[in-house]
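Asker: This is the structure, below, for whatever I ask next.
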Amino acid sequence: NRFGRTWTIMYDLSGLRQGDIERVVMDDWRHLVDRMQVRNDHAYQRHRGRPVVAVWGIGFNDGRRYTLDECDELVRFLKDDPKYGNNTVMVGVPTGWRTLSRDALRDEKLHAIIRRADIVSPWTIGRYRDPSEARRHARDWIAPDIAWCRAAGADYLPVVFPGFSWHNL
73 NRFGRTWTIM YDLSGLRQGD IERVVMDDWR HLVDRMQVRN DHAYQRHRGR PVVAVWGIGF
133 NDGRRYTLDE CDELVRFLKD DPKYGNNTVM VGVPTGWRTL SRDALRDEKL HAIIRRADIV
193 SPWTIGRYRD PSEARRHARD WIAPDIAWCR AAGADYLPVV FPGFSWHNL
């Protein structure tokens, strides 16, 4: 607040077991709203007038133990709950979310969840190695993803990874 920065909550679902989304994530959001009053902080990030809550890890095909049904329940809770909802929900999804390919679950439920979200943010780290591959990725994946989001009334937030250096440690 002192330096004019904004902030938001991002829940990374990675590592959760089936049943944890209710007990861990939803209970934490209730606590943050009730006790910490996070949505009353003028520095809490807003998008189109609503508080932003990010949920990372929906729809990956790497054997996660929570289900798409649980993810759907979480997005509905954050959007529609009379007391804890009315938030902008950003979902962090796999690169292949739109085509239900590559690193994404091949399940149409994923599209239903994403259509409920307000912002779609696909994971692109490691998907290209040089500028030529980045341009190809932008043409073949990002441009069609943005078109899908526009048609669905969602915004698109790309993941940006500037690289890694041991110097930064």
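Those letters in the sequence shown? Residues 73 to 241, per our numbering, in order. Ideal Cβ positions, reconstructed from N, Cα and C, are used throughout, including at glycine.
1) Compute the Euclidean distance between the alpha carbons of residue 153 and residue 160, then round it to the nearest angstrom.
2) From what residue to what residue does the beta strand (DSSP E) around residue 191 run?
3) For the stretch 146-192, list the alpha helix (DSSP H) runs that are entirely contained and at least 4 residues long, ordered along the chain.
4) Tell me whether residue 122 sits in a helix, a strand or coil according to DSSP, three-state version.
5) Could you tell me the alpha carbon to alpha carbon distance between residue 176 and residue 167, rounded to whole angstroms?
6) Is DSSP giving residue 84 helix, strand or coil here?
7) Starting from residue 220 and walking both ways along the alpha helix (DSSP H), at which residues does that stretch end?
8) Please go through the same chain and pick out, in chain order, the residues whose beta-carbon is closer than 7 Å to the beta-carbon of residue 84, but skip the five residues on each side of it.
9) Looking only at its own chain, which residues have a Cβ that is under 8 Å from the Cβ of residue 197, when we skip the five neighbours before and after it?
10) For residue 127, does the three-state DSSP call read helix, strand or coil?
11) Within 10 Å of its beta-carbon, does residue 237 have 16 or more other beta-carbons around it, so buried, or fewer, so exposed?
12) Using a 10 Å radius around the Cβ and a threshold of 16 neighbouring Cβ atoms, would you call residue 108 buried or exposed?
13) Answer yes if the stretch 112-124 comes into contact with the stretch 88-96, meaning at least three C-beta pairs across the two stretches below 8 Å, and no otherwise.
14) Considering only C-alpha positions, which residue in the set 102, 144, 138, 73 is nearest to residue 115?
Answerer: On the basis of the data shown:
1) Straight-line Cα distance between these residues: approximately 13 Å.
2) 191-194
3) You should have 181-188.
4) strand
5) 7 Å
6) strand
7) Note, residue 220: alpha helix (DSSP H), 215-224.
8) 128, 129
9) Only 231, 233 meet the Cβ criterion.
10) Strand, per DSSP.
11) exposed
12) Burial call: exposed.
13) no
14) It is 73 whose Cα lies nearest to the Cα of residue 115.
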